[in-house]
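J.:
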Amino acid sequence: MLKKFLKATVFAVSLSMAGGMMIAPSLAEVVYNRGSAAEPESLDPHKTSTVYEAHVLRDMFLGLVTEDAKSEVIPGAAESWTVSDDGTVYTFKLRSGATWSDGSPVTAEDFVYAFQRLQDPKTAAEYASMLQKVKNAKEVNAGKMKPEELGVKAIDANTLEITLVAPTPYFLEVLTHQSTYPVSKAAIEKFGADWVKPGNLVSNGAYTLAEWVPNDHIKLVKNPKFYDAANVKIDVVNYIPTEDRSSAMKRYEAGELDSYDDLPTEQLTDLKAKFGDQVRVAPYLGTYYYAIKTSKAPWDNVELRNAVSMAIDRDFLAEKVWSNSMAPAYSMVPSGIEGYTTSPAAFAEESQIDREDAAKKILEKLGYGPDKPLKMEIRYNTSENHKNTAVAIQEQLKPLGIEVTLLNTDTKTHYGHLEQKGDFDVARAGWIADYNDPETFLEISRKADGHNYSDYDSPKFEELMNAATAAGGKPEERFKLLSEAEKVLVDDVGNIPLLYYNYHNIVSPKLAGFEDNVMDRHPSRFISKE
Amino acid sequence: MLLYVFRRLLTAIPTLFVIVTLAFFLIRVAPGGPFNQERGLSPEVKANLEAQFGLGDPLWLQYWHYLQNLLHGNFGPSYNLPDFTVGELFAKGLPISIQLGASALTLALLIGSTLGIIAALNQNKAGDYAVIATATAGSTIPTFVIAPVIQLLFGLTWKLLPIGGWGDGALINKIGPVLTLALPQIAIVARLMRGSMIESLRSHHIRTARALGLSDWSIVVKHALRGALLPIVSYAGPAAAALLTGSIIVETIFAIPGVGRYFVDAALNRDYTLVMGTVVVIAIFTILFNLIVDILYAVVDPRVRYD
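Taken in sequence, the protein lines are chains H and X.
Following this note's numbering, the numbering of the first sequence begins with 10 at its first residue and continues without gaps.
Following this note's numbering, the numbering of the second sequence begins with 7 at its first residue and continues without gaps.
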């Protein structure tokens with residue numbers, strides 16, 4: 010019996026372990042194995058919601074405008090464009106002769122269809138808001154108007170006209186976002202929801218979809234019909250999600266990945282020592298902040314909010330908690346937006362000791378002390394780094410007599426609570442720019458904005474933001490007004506900016522053209538591999 | 007026996023119904039919804055999404071629709087991976103988890119049982135101590151420690167195995183995850199087998215067999231092993247259900263596209279349909295393997311009859 014058992018076992022092991030063989034690329038192919046920290050959620054540009062699919066979609070689709078290796082706006086599907094004198098009508102001339110990967114021409118009608126689909130409530134696009142500066146977009150998305158009433162029309166096959174509600178100087182930046190890419194009406198009508206499957210997906214970018222095995226890889230192959238195919242050096246891009254950062258580092262070291270878009274921050278110092286210039290840490294347009302409930306006592310007192318903000322040692326957080334993978338923040342808008350001057354907190358230039366002394370005086374003046382300690386609860390969503398940040402702040406505030414308690418919930422519970430305007434003192438939040446403009450960081454503090462978790466309500470701030478919108482046709486004046494609005498917000502401590510995000514990539518020396526930029530966007534079409 | 011199997015399968019239906027009902031309402035009780043995220047959505051967009059997935063309907067109606075779809079084998083779309091239905095995700099991931107789990111289980115039963123028998127036959131000798139020590143270590147070292155060590159040694163240092171990835175199912179990509187899954191199981195099976203074999207060797211019929219002058223081989227294989235297998239069979243049922251439905255730790259560390267990762271991710275993402283799909287799959291596997299264990303009991307011990 011034992012013999013039979015052994016034989017059966019060996020047979021079973023062989024059978025269950027046997028599978029396909031590793032597919033080796035042909036020798037002539039240049040393959041870029043691009044590591045990613047998470048799986049894209051969808052390859053439908055109108056279902057997109059994370060940066061992980063943004064990278065893939067950027068390789069597959071070409072919007073009206075696009076970005077070069079340094080993330081500067083360059084012509085995309087449109088060769089050129091004009092803007093009306095009042096800044097509200099954009100007329101794009103499409104690249105003549107450009108085709109979809111199935112050989113059919115890319116026309117202005119494709120963009121009209123795509124933009125209408127993005128706003129159509131039936132599509133339920135998470136990023137419908139990206140194009141809501143377009144006339145009637147909000148109404149269409151809310152189901153109050155028909156998609157045909159959207160302010161987008163095809164003048165002829167190669168000419169597209171977009172009418173905006175108001176002048177929007179960053180509109181071209183918006184058009185680099187993946188949700189604004191065109192989609193093939195023919196493919197969607199033919200395959201329905203399955204149009205995104207390999208073999209069905211038709212795209213107009215440098216690459217087309219060949220395979221998608223969830224949680225394993227997305228294989229893109231060079232699109233020979235792409236207008237600039239001659240300059241695309243990589244033949245195959247494999248997007249490889251590797252959620253476990255430490256495993257990703259080993260995979261990179263073993264040569265299984267040519268790049269990876271995240272790093273285990275706790276290992277950053279060691280990784281820099283080991284891999285040198287291959288580790289790329291540089292500013293990324295994003296702010297890590299604490300929302301503070303400005304509508305609730307005692308947090309409705311600006312002096313108290315300012316005291317808490319001053320007492321937090323941001324240098325310590327950046328260096329010790331985040332291993333310099335983040336930078337200390339004193340303003341809501343991070344630096345790096347060309348032409349914009351940020352408005353940091355007044356205490357930014359003071360030493361931490363002076364700040365703490367000033368904070369102590371304010372607290373004493375407000376009657377807080379050993380007999381009446383200030384109680385403060387910090388809510389944060391599950392993450393080791395968020396926890397460590399909150400614990401460090403708890404320790405930093407203790408000498409000032411502030412009793413901090415911590416409350417951790419998972420991400421869905423955390424943001425569900427904030428969105429429903431639940432009760433809290435201080436809550437962790439973050440904001441990453443979708444487009445390169447300060448307004449994206451300031452809008453979230455407007456009274457009516459759903460992201461205004463702090464319940465910040467300042468007529469002066471609203472007035473300046475409105476004035477900035479009205480000055481849309483004058484970029485310099487607009488930036489000046491936005492900067493003033495930011496100063497009001499920062500002085501009011503509408504929220505507490507703590508850290509600016511840095512992106513952290515690891516990039517093989519075999520790759521060329523992977524340029525650092527504040528948007529952390531690196532289209533594969535500009536990358537080459539030895 | 008057939009009648010017994012039929013009866014058991016029939017009773018599985020209300021069990022599954024209760025599990026599905028409980029899971030459906032429990033996941034809805036959890037705070038936060040599938041569309042709460044760091045980058046919050048506007049009320050209009052959220053309403054559009056909820057309308058698309060039927061989340062605006064009353065809960066009882068959603069439940070009724072879910073049951074109807076389930077009866078037709080339709081698990082619904084995934085909320086967080088909208089390009090796939092839950093059925094498609096399982097169709098892609100489950101065979102991978104099953105391959106790894108079956109390999110690990112087979113290895114565990116084969117090696118664990120052999121080690122357990124060796125230890126039992128050498129009770130209180132060097133061989134026994136070696137097996138006990140190894141088994142204790144094996145069952146206490148967690149997989150999140152074993153996996154990186156295997157990656158480091160076999161992948162980076164000796165360059166014998168890939169660090170991670172499924173590699174279209176290549177044999178070499180399976181070795182690391184299978185070893186990681188199997189090692190703790192080997193240890194557990196070895197300890198179980200040692201104990202039950204010692205007990206079996208002390209039983210009256212074995213003493214009689216020895217008195218009759220049967221060879222050691224004959225005594226162990228023909229007479230002691232059958233009885234000693236019962237605890238292993240009991241253990242193997244739930245272990246099989248757990249192993250075949252994937253391991254989140256092993257699949258995450260080795261970047262394996264199995265279904266183990268969905269179990270926790272779906273719950274954290276409030277991906278209601280995917281949560282329900284995982285619950286149904288685990289429940290079916292558990293019911294099925296408990297039934298197999300009961301049938302095997304009768305095969306291993308003829309005194310057990312169900313009819």
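All C-beta atoms in this analysis are idealised placements derived from N, C-alpha and C, irrespective of residue type, glycine included.
It should be emphasised that the depicted structure is a prediction, and the values quoted were computed from it without experimental measurement.
Can you list the residues of chain H that Phe-90(X) reaches, using a CB-CB cut of under 7 Å?
T.: Chain H residues near Phe-90(X): Pro-223.
J.: Could you please give me the residues that DSSP links to Trp-221(H) through a beta bridge?
T.: Trp-221(H) is bridged to Ile-227(H).
J.: Compare the beta carbon distance of Leu-115(X) and Tyr-268(X) with 8 Å and say whether it is the shorter of the two.
T.: No; because the gap between Cβ atoms is not below 8 Å, this pair is not in contact.
J.: What would DSSP say about Asn-240(H), mapped onto helix, strand or coil?
T.: In the structure shown, Asn-240(H) sits in a helix (DSSP, three-state: H, G or I).
J.: Pick from Asp-529(H), Thr-75(H), Ala-306(H), Arg-534(H): whose alpha carbon is nearest that of Ile-441(H)?
T.: Closest by alpha carbon: Asp-529(H).
J.: Find out if the Cβ-Cβ distance for the pair Glu-471(H), Lys-483(H) is shorter than 8 Å.
T.: No, the pair does not count as a contact, with Cβ atoms beyond the cut-off.
J.: Since Leu-71(H) contacts Val-205(H) with CB under 8 Å, what's their CB separation in whole angstroms?
T.: Their Cβ separation, rounded to whole angstroms, is 17 Å, which puts Leu-71(H) and Val-205(H) out of contact at 8 Å.
J.: List the endpoints of the continuous alpha helix (DSSP H) containing Trp-70(X).
T.: Note, Trp-70(X): alpha helix (DSSP H), 65 to 77.
J.: So, Pro-292(H) versus Ala-355(H), is the Cβ gap smaller than 8 Å?
T.: Against a cut-off of 8 Å, the Cβ pair of Ala-355(H) and Pro-292(H) comes out as no contact.
J.: Might you give, ordered along the chain, the residues of its own chain that have their beta carbon closer than 8 Å to the beta carbon of Asn-275(X), omitting 5 neighbours on each side?
T.: Answer for Asn-275(X): Pro-40, Tyr-85, Asn-86, listed in chain order.
J.: Is there contact here, the segment 316 to 335 of chain H with the segment 350 to 366 of chain H, by at least three beta-carbon pairs under 8 Å?
T.: Judged by Cβ distances under 8 Å, the segment 316 to 335 of chain H makes contact with the segment 350 to 366 of chain H, as three or more pairs qualify.
J.: Chain X partners of Tyr-424(H), CB-CB under 8 Å?
T.: Going along chain X in sequence order, the residues near Tyr-424(H) (Cβ under 8 Å) are Gly-38, Asn-42, Gln-43, Glu-44, Gly-46.
J.: Can you check whether the CB of Glu-524(H) is closer than 8 Å to the CB of Lys-155(H)?
T.: It is not a contact, given that the beta carbons lie outside the stated cut-off.
J.: With three or more C-beta pairs closer than 8 Å as the rule, is the segment 169 to 186 of chain H touching the segment 103 to 122 of chain H?
T.: At 8 Å Cβ cutoff, the stretches touch.
J.: Taking all protein chains shown into account, decide if Ala-63(H) is buried (16 or more other Cβ within 10 angstroms of its Cβ) or exposed.
T.: Ala-63(H) should be labelled buried.
J.: Using DSSP with H/G/I as helix, E/B as strand and the rest coil, what is Arg-323(H)?
T.: Reduced to three states, the DSSP call for Arg-323(H) is helix.
J.: What residues match up with Pro-250(H) in a beta bridge as DSSP calls it?
T.: DSSP, once it has assigned bridges, lists Ser-45(H) as partnering Pro-250(H).
J.: Along the beta strand (DSSP E) that carries Glu-386(H), what are the first and last residues, could you check?
T.: That run of the beta strand (DSSP E) goes 383 to 390.
J.: Within 8 Å, do at least three Cβ pairs link the segment 181 to 189 of chain H to the segment 133 to 141 of chain H?
T.: Short answer: they touch.
J.: Compare the C-beta of Gln-68(X) with all C-beta atoms of chain H and state if any pair is closer than 8 Å.
T.: Not one chain H Cβ lies under 8 Å of Gln-68(X).
J.: What's the C-alpha gap between Leu-473(H) and Tyr-349(H)?
T.: Distance between the alpha carbons of Leu-473(H) and Tyr-349(H): 15 Å.
J.: Take the Cβ of Asp-279(H) as the centre, count every other Cβ of all protein chains shown within 10 Å, and call the residue buried at 16 or more, exposed below.
T.: So Asp-279(H) counts as exposed.
J.: Taking the Cβ atom as the reference point for each residue, do Asn-514(H) and Asp-286(H) lie within a distance shorter than 8 Å?
T.: No, the pair does not count as a contact, with Cβ atoms beyond the cut-off.
J.: To the nearest angstrom, how far is it from the Cα of Ser-454(H) to the Cα of Ser-58(H)?
T.: Whole-angstrom Cα-Cα distance: 21 Å.
J.: Taking 8 Å as the threshold (beta carbon to beta carbon), is Asn-130(X) in contact with chain H?
T.: No, its Cβ sits nowhere closer than 8 Å to a Cβ of chain H.
J.: Check whether the segment 227 to 241 of chain H touches the segment 176 to 188 of chain X, counting contact only when three or more Cβ pairs, one atom from each stretch, lie closer than 8 Å.
T.: Flag = no, the segment 227 to 241 of chain H and the segment 176 to 188 of chain X do not touch.
J.: When we look at the beta-carbon of Glu-257(X) and count the other beta-carbons within 10 Å, is it buried (16 or more) or exposed?
T.: Buried, because 16 or more other Cβ atoms sit within 10 Å of the Cβ of Glu-257(X).
J.: Anything in the segment 36 to 65 of chain H with a Cβ closer than 8 Å to a Cβ of chain X? List those residues in chain order, please.
T.: From the segment 36 to 65 of chain H, only Glu-48, Glu-50, Ser-51, Leu-52, Asp-53, Lys-56, Ser-58 have a Cβ closer than 8 Å to chain X.
J.: Between the segment 288 to 303 of chain H and the segment 486 to 494 of chain H, are three or more C-beta pairs nearer than 8 Å?
T.: Judged by Cβ distances under 8 Å, the segment 288 to 303 of chain H makes no contact with the segment 486 to 494 of chain H, as fewer than three pairs qualify.
J.: Mind checking which residues open and close the beta strand (DSSP E) that includes Ile-301(H)?
T.: Note, Ile-301(H): beta strand (DSSP E), 288 to 301.
J.: Going along chain X in order, which residues have a C-beta closer than 8 Å to the C-beta of Gly-439(H)?
T.: Glu-44, listed in chain order.
J.: Whose CA, out of Asp-63(X), Lys-180(X), Glu-50(X), Ala-143(X), lies closest to the CA of Ser-109(X)?
T.: It is Lys-180(X) whose Cα lies nearest to the Cα of Ser-109(X).
J.: Between which two residues does the alpha helix (DSSP H) harbouring Phe-12(X) extend?
T.: Residues 8 to 35.
J.: Does any CB atom of chain X fall closer than 8 Å to the CB of Val-133(H)?
T.: Inspection of the sequence shows that residue 133(H) is occupied by Ala rather than by Val. Closer than 8 Å to some Cβ of chain X, the Cβ of Ala-133(H) qualifies, so yes.
J.: Taking the beta carbon of Trp-308(H) as the centre, do at least 16 other beta carbons fall within 10 Å, making it buried, or is it exposed?
T.: It is buried - the Cβ of Trp-308(H) has at least 16 other Cβ atoms within 10 Å.
J.: Grab me the residues of Thr-279(X)'s own chain with a C-beta within less than 7 Å of its C-beta, minus the 5 sequence neighbours each way, in chain order.
T.: Excluding sequence neighbours, Thr-279(X) sits near Phe-81, Gly-82, Pro-83, Ser-84, Tyr-85, Val-92.
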